[in-house]
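Asker:
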Amino acid sequence: MKLKSRLVAGSGLLLSAVLAMTAVVGFDRATAREPEADAPSNVRRLTEAQYRSTIADVFGPDIKVVGRFEPDLRVEGLLAVGTTAVSITPAGLEHYDAIAHGIAAQVTDANHREKLVGCAPNAQDVDGAQCAKSFFARVGPRLYRRALAPAEIRALASAAVSSAKLVGTFDGGLSTVLAGMMTSPEFLFRIDAPGKGGAQVDGYSKASRLSYFLWNTAPDEALLKAAANGALDTPEGLAKEVDRMMASPRLTDGVRAFFADFLRLDDMATLTKDTLLYPAFSPAVAEAAREQTLRTIVDHVVTRDGDYRDLFTSRRFAMTKALGPIYDIPVSKSGWYIHEFPENDPRSGLLTQASLLALHSHPGRTSPTLRGVGTLEILLCQKTPPPPPDVNFSVVQDVNNPTLKTTRERLQAHLTNEQCATCHRATDPIGLALEQFDGAGTFRTTERGDRIDVSGKFERQDFNGAAELGKILRQSPRVSSCLVSSVWRYANGRDPGPADAADVEAMKRRFTDDGYRVTALMRTIALDPEFYAYSRPQPSPEPKRQASQDKKGRNS
Amino acid sequence: MGSLANGYWKQGGVAASLVLVAGMSTAADAPTGARPDVHAFVLSNIWFASPGEPANALPLNDGGVEIFYKSLSPEEQAKYATSDKRQALEQEMARRLGFKIAAPGRSKTPAGIVPGAMLTPEQALEIGALNGFPKGRGKPTYQNRTAAYTSCTNPEDFPALAEGFRTYDGPVAMGMNLDGKVTREDFVGPNGEKGVDNQLWRAFGRVKVFRESGNEAIAKKSFMSMGAPTIVEISDVDDMRNDPQVTVKVYASSDAVTRDPRGQALQRVSYTIIPDRQLQSTTTGSIRDGVLMTEPVDLRLQYKEQIVDAPREIRAARIRAEIREDGTIEGELMGYYSLASIWDLIEQMTQAGANSNQISCPGLRRALDEVADGYMDPKTKKYTAISAAMKFVGVRAFAVMPEQRTAELGS
Numbered sequence: 001m002k003l004k005s006r007l008v009a010g011s012g013l014l015l016s017a018v019l020a021m022t023a024v025v026g027f028d029r030a031t032a033r034e035p036e037a038d039a040p041s042n043v044r045r046l047t048e049a050q051y052r053s054t055i056a057d058v059f060g061p062d063i064k065v066v067g068r069f070e071p072d073l074r075v076e077g078l079l080a081v082g083t084t085a086v087s088i089t090p091a092g093l094e095h096y097d098a099i100a101h102g103i104a105a106q107v108t109d110a111n112h113r114e115k116l117v118g119c120a121p122n123a124q125d126v127d128g129a130q131c132a133k134s135f136f137a138r139v140g141p142r143l144y145r146r147a148l149a150p151a152e153i154r155a156l157a158s159a160a161v162s163s164a165k166l167v168g169t170f171d172g173g174l175s176t177v178l179a180g181m182m183t184s185p186e187f188l189f190r191i192d193a194p195g196k197g198g199a200q201v202d203g204y205s206k207a208s209r210l211s212y213f214l215w216n217t218a219p220d221e222a223l224l225k226a227a228a229n230g231a232l233d234t235p236e237g238l239a240k241e242v243d244r245m246m247a248s249p250r251l252t253d254g255v256r257a258f259f260a261d262f263l264r265l266d267d268m269a270t271l272t273k274d275t276l277l278y279p280a281f282s283p284a285v286a287e288a289a290r291e292q293t294l295r296t297i298v299d300h301v302v303t304r305d306g307d308y309r310d311l312f313t314s315r316r317f318a319m320t321k322a323l324g325p326i327y328d329i330p331v332s333k334s335g336w337y338i339h340e341f342p343e344n345d346p347r348s349g350l351l352t353q354a355s356l357l358a359l360h361s362h363p364g365r366t367s368p369t370l371r372g373v374g375t376l377e378i379l380l381c382q383k384t385p386p387p388p389p390d391v392n393f394s395v396v397q398d399v400n401n402p403t404l405k406t407t408r409e410r411l412q413a414h415l416t417n418e419q420c421a422t423c424h425r426a427t428d429p430i431g432l433a434l435e436q437f438d439g440a441g442t443f444r445t446t447e448r449g450d451r452i453d454v455s456g457k458f459e460r461q462d463f464n465g466a467a468e469l470g471k472i473l474r475q476s477p478r479v480s481s482c483l484v485s486s487v488w489r490y491a492n493g494r495d496p497g498p499a500d501a502a503d504v505e506a507m508k509r510r511f512t513d514d515g516y517r518v519t520a521l522m523r524t525i526a527l528d529p530e531f532y533a534y535s536r537p538q539p540s541p542e543p544k545r546q547a548s549q550d551k552k553g554r555n556s
Numbered sequence: 557m558g559s560l561a562n563g564y565w566k567q568g569g570v571a572a573s574l575v576l577v578a579g580m581s582t583a584a585d586a587p588t589g590a591r592p593d594v595h596a597f598v599l600s601n602i603w604f605a606s607p608g609e610p611a612n613a614l615p616l617n618d619g620g621v622e623i624f625y626k627s628l629s630p631e632e633q634a635k636y637a638t639s640d641k642r643q644a645l646e647q648e649m650a651r652r653l654g655f656k657i658a659a660p661g662r663s664k665t666p667a668g669i670v671p672g673a674m675l676t677p678e679q680a681l682e683i684g685a686l687n688g689f690p691k692g693r694g695k696p697t698y699q700n701r702t703a704a705y706t707s708c709t710n711p712e713d714f715p716a717l718a719e720g721f722r723t724y725d726g727p728v729a730m731g732m733n734l735d736g737k738v739t740r741e742d743f744v745g746p747n748g749e750k751g752v753d754n755q756l757w758r759a760f761g762r763v764k765v766f767r768e769s770g771n772e773a774i775a776k777k778s779f780m781s782m783g784a785p786t787i788v789e790i791s792d793v794d795d796m797r798n799d800p801q802v803t804v805k806v807y808a809s810s811d812a813v814t815r816d817p818r819g820q821a822l823q824r825v826s827y828t829i830i831p832d833r834q835l836q837s838t839t840t841g842s843i844r845d846g847v848l849m850t851e852p853v854d855l856r857l858q859y860k861e862q863i864v865d866a867p868r869e870i871r872a873a874r875i876r877a878e879i880r881e882d883g884t885i886e887g888e889l890m891g892y893y894s895l896a897s898i899w900d901l902i903e904q905m906t907q908a909g910a911n912s913n914q915i916s917c918p919g920l921r922r923a924l925d926e927v928a929d930g931y932m933d934p935k936t937k938k939y940t941a942i943s944a945a946m947k948f949v950g951v952r953a954f955a956v957m958p959e960q961r962t963a964e965l966g967s
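Quick mapping for you: the protein sequence lines, in order, are chains A and B. Just so we're aligned: the first sequence equals residues 1 to 556 in this note's numbering. Just so we're aligned: the second sequence equals residues 557 to 967 in this note's numbering.
Take a look at the structure:
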């Protein structure tokens, strides 16, 4: 029966989905107008997180999404930008197909069908066509994020009835077609359609852009309704919906999604450490550290509506028992809570959180260079070129060097190569300020018996230790400017072109005027007409995109 | 200033200022490294200390099964000679000696007794009366959910199984001079200390399971009572190397010992203490050259391991422990172990546990009664406790009071 089910899918919706994806121009809605090379991308693949949250929204959180996803691609530092640059490979489609069938089987199983399907064939509806129609009329708009024409619903219901005959059960037929829908490009990709005049996307596409930006999930029914009745095409209607969404607890999901992407916290899932050197570090601790950073940020920028820059000096850390050994503090509470480190404590600001400290370290040792590069690239939007290919790292890597006991000493010895020194002079002072935190993020004052020197200079200001560096970063205009650029790029899924420069600069000024509040920035972008542009010719070619260099390859 | 604390605290009086600030600021929680004047340790194992002699230095006692086997005729012995007949041998011993087990629900059950519920001694007698136990015999066992009559619940009824049981007569034992006297029955400590009181080892020293679990190399890697560990907290510490006056609290925790990926106890984990005041004790002590020595205090230590739930009651207990820079602690716990609580431990191992651990319950019980040396009952003129020494190892931890669950942070 299972094989039959797959065959039906393969001969129907799934096959058309495959064909459509292989020839990208096959998308019904995307072909309305061929995108220009320098235009905003109108096709974005759902990220794994967006896929999961969409399924949870449509079918409920108890539906398990099991399977491997096509890896998301980080472009110029953001997965969100990468969503416009990825397709789906044939192997990836198989994975999506398996995931979709797993979901569809749950939706129609005995535990869920009453709530999620809600009807069955009966004397008045012998083959179940009416039931199938009502089901697809309900879930179709949520999955495709637009209204479905009556003919589309009829076609889906008809396919379900035909499938049911082949697989032998009504639920089997319904499940097969539902899986096909979830393997369709209309579900897996956010495909924007042009609105009237073609300058902006249509109402449903606006709803999707808005919802995935603010909530990181598909539009809810209210938003789809606003799209259908044209409310999103008026400034007042758009503002009303944006205000509703900003006031929702789901804004937290959107903020978390941005910062997880911005800070590259997805890398925590695969982060490993030498357990002999860092016995307190484990995959569970890595996950807790990631969660800590996101909860800390949400507490500050959403719950307290705080100044973004204060994240670099704040002593309020979301905390849970699993992180107690890393932070060397007693934790008496059973859930997450806000732990406030006292004045003069070494823990101060995002840079001293275990997630970033561990992420930008090697498995068995710290790396001031990786930490410096990470800070510059992520928080200051400053690119660092990769190291020359012929660099000898042996001095830096020799942690047992009898005379060069500290990492600072070994790095200095490494800088005899002037070609290396140029970049290291920019990156290493930041990383050396964090050297009192080991590769797992635990505080220390000595390295192999020698006291660790954490003094340095950044942006012409002297500092001594991470807390003082955090204060300098807090005051740096580059930090807030980078945040605005990053949120803009995250929202739009691309780098700003020359035509966007004025728009971005205006947002930076507005961000300052709004007291550096991230939620205000998100609102500004959500209300910005440019956010809904369908096509925007750029005066010069789009900057060349390049997938992020593997920062671990930089070494040191 | 505590040398065990993170080196951070040693620098430039920062610790002092932190403590001050932490005390003044209502917003601030614990600083990195926690309070520098408090140092807690979770004990990953507490074991009956062996003096460390070779395993074959003194012959071991037979267990009950071995004694029973030797009592059989040669023909019968041949029938049970191989190891695969061990279970049959134990069943035969139970049959011939009249051991009885009755579980409510599966045996005749008096009205009002719910199967699976904890039994009182009186209820065990009621069950026994319905199920053919000798009159007035039987006790709760198997986590107090089953009534049994065996050589461990009623050792006095099986004197034959005590035959040949020998106490430990070596000269050396762990421990200290608890009573200030040097008598003939005292041991010499491994370091030459005279008058060492450790009559528990005199009773245990030839019992296989205690000899083996007392092997230091094994014991240090083992976890006992892992699901209900003991916490030792030293507070009012000015200097972890030398401090003439510190406060020492002993707690029980409800949190299992957290292990690191290497299988060792993870340092700096927070353990929630059990609010039961019977499981908390406070005493004073001093630290000299990194060695803590406490004043005597009555302790009740939680001890839960598999089917055993037998708190250790140790009177006039003293702790002597070396506190190390690497965040570990290793030491001895010495005092008078109450006979009631130690027999509770043996009893809860059950007859099956005694059989598999080569213990003769009647022999051990008789030895304990004979060599006990502490806290004489003025009425019975019998000692109620026995001098003992246990060793322990542990790692740095935090003892935290139970708090109400906090509201989850948004998302």
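Where a beta carbon is used, it is the ideal one built from N, C-alpha and C, also for glycine.
State the Cα-Cα distance for the pair E556(B) and R922(B), rounded to the nearest angstrom.
Answerer: With chain B represented from 557 up to 967, any question about residue 556(B) goes unanswered, as that position is not in the structure.
Asker: Beta strand (DSSP E) containing L848(B): first to last residue?
Answerer: V847 to T850
Asker: For chain A, check one thing: does any of its Cβ atoms lie closer than 8 angstroms to the Cβ of R818(B)?
Answerer: yes
Asker: Out of R142(A), F189(A) and A120(A), state which residue places its alpha-carbon closest to the alpha-carbon of L93(A).
Answerer: F189(A)
Asker: Would you say A30(A) faces chain B, with C-beta separation under 8 angstroms as the test?
Answerer: Only weak support is given to the placement of A30(A): the predicted model assigns it a pLDDT of 37, under 50, and the value that follows is read from those uncertain coordinates. No, A30(A) lies away from the interface with chain B (no Cβ there is under 8 angstroms from its Cβ).
Asker: Give the straight-line distance between the Cα atoms of A284(A) and A358(A), rounded to the nearest whole angstrom.
Answerer: Linking A284(A) to A358(A) through their CA atoms gives a straight-line distance of about 13 angstroms.
Asker: Please tell me whether T588(B) has its Cβ less than 8 angstroms away from any Cβ of chain A.
Answerer: Cβ-Cβ to chain A under 8 angstroms: yes for T588(B).
Asker: Can you say whether G168(A) is buried or exposed, counting buried as having 16 or more other CB atoms within 10 angstroms of its CB?
Answerer: G168(A) sits exposed, since fewer than 16 C-beta atoms from the chains shown fall within 10 Å of its C-beta.
Asker: Check each residue of the segment 824-840 of chain B: if its Cβ is closer than 8 angstroms to any Cβ of chain A, include it; give the result in chain order.
Answerer: R824, V825, S826 and T828
Asker: For R44(A), which option in G102(A), E447(A), G493(A) and G441(A) has the closest C-alpha, if you only look at C-alpha atoms?
Answerer: G493(A)
Asker: Kindly identify the DSSP beta-bridge partner or partners of R844(B).
Answerer: V847(B)
Asker: Check this for me: beta carbons of A526(A) and L210(A), under 8 angstroms apart or not?
Answerer: yes
Asker: Starting from F954(B), find everything on chain A with Cβ-Cβ shorter than 8 angstroms and list it in chain order.
Answerer: Within 8 angstroms Cβ-Cβ: G324, I329, P330 and V331.
Asker: Can you pull the chain B residues whose beta carbon is under 9 angstroms from the beta carbon of R523(A), in chain order?
Answerer: Result: empty, since nearest Cβ-Cβ is about 19 angstroms, beyond 9 angstroms.
Asker: Quick one: what's F44(A) bridged to in DSSP?
Answerer: Phe is not the amino acid found at residue 44(A); the sequence shown has Arg there. In DSSP, R44(A) forms a bridge with R190(A).
Asker: Should the segment 78-93 of chain A be regarded as contacting the segment 253-265 of chain A, the criterion being three or more beta carbon pairs within less than 8 angstroms?
Answerer: yes
Asker: Flag D585(B) as yes if its beta-carbon sits less than 8 angstroms from any beta-carbon of chain A, otherwise no.
Answerer: yes
Asker: To the nearest angstrom, how far is the alpha carbon of G10(A) from that of G180(A)?
Answerer: Unreliable placement is indicated for G10(A), whose pLDDT of 38 sits below 50; no coordinate value is reported for it.
Asker: So, under 8 angstroms CB-CB, Y204(A) and R146(A) are touching, yes? Tell me the CB distance rounded to an integer number of Å.
Answerer: 4 angstroms
Asker: Which residues of the segment 271-287 of chain A have a Cβ closer than 8 angstroms to any Cβ of chain B? Give them in chain order.
Answerer: T275, L276, P279, A280 and S282
Asker: By Cβ distance, which residues of its chain are closer than 6 angstroms to F135(A), with the 5 residues on each side in sequence left out?
Answerer: Same-chain partners within the cutoff: V117.
Asker: Along chain B, which residues have their Cβ under 9 angstroms away from the Cβ of K508(A)?
Answerer: The contacting residues do not exist; K508(A) stays about 28 angstroms from chain B at best.
Asker: Can you give the Cα-Cα distance for D503(A) and S480(A), rounded to whole angstroms?
Answerer: 16 angstroms
Asker: So is E959(B) buried or exposed if we call it buried at 16+ other beta carbons inside 10 Å?
Answerer: Taking all protein chains shown into account, E959(B) has fewer than 16 neighbouring C-beta atoms within 10 Å of its C-beta and is therefore exposed.
Asker: Starting from the C-beta of V802(B), find all residues in its chain whose C-beta is less than 8 angstroms away, skip the five residues before and the five after it, and write them out in chain order.
Answerer: For V802(B), same chain residues with a beta-carbon under 8 angstroms away, outside a window of 5 residues either side, are I790, S791, D792, V793, T840, G841, S842, I843 and L848 in chain order.
Asker: Is the segment 426-436 of chain A touching the segment 365-385 of chain A, taking contact as three or more C-beta pairs under 8 angstroms?
Answerer: yes
Asker: My guess is that Q858(B) and A944(B) are in contact by the Cβ rule of under 8 angstroms, so how many angstroms apart are they, rounded?
Answerer: Contact doesn't hold; Cβ gap of about 17 angstroms is too wide.
Asker: What does T446(A) pair with, by DSSP beta-bridge criteria?
Answerer: R451(A)
Asker: Let me know the alpha helix (DSSP H) ranges lying completely inside the segment 86-147 of chain A, each 4 residues or longer, listed in chain order.
Answerer: 90-107, 113-116 and 129-144
Asker: Report yes if the CB atom of P660(B) is closer than 8 angstroms to the CB atom of I669(B), and no otherwise.
Answerer: Note that the C-beta distance between P660(B) and I669(B) is below 8 angstroms.
Asker: If you measure between the beta carbons of T706(B) and Q904(B), is that distance less than 8 angstroms?
Answerer: no
Asker: Would you mind working out which of G439(A), G198(A), T422(A) and E70(A) sits nearest V86(A), comparing C-alpha positions?
Answerer: E70(A)
Asker: Count the other CB atoms, across all protein chains shown, that sit within 10 Å of the CB of P141(A); report buried if there are 16 or more and exposed otherwise.
Answerer: buried
Asker: Taking only runs that begin and end inside the segment 233-321 of chain A, name each unbroken alpha helix (DSSP H) of 4 or more residues, in chain order.
Answerer: 235-247, 251-262 and 283-297
Asker: With DSSP run on the structure shown, which of helix, strand or coil describes M932(B)?
Answerer: strand
Asker: Could you tell me which chain A residues have their CB closer than 7 angstroms to the CB of E959(B), listed as they occur along the chain?
Answerer: S332 and K333
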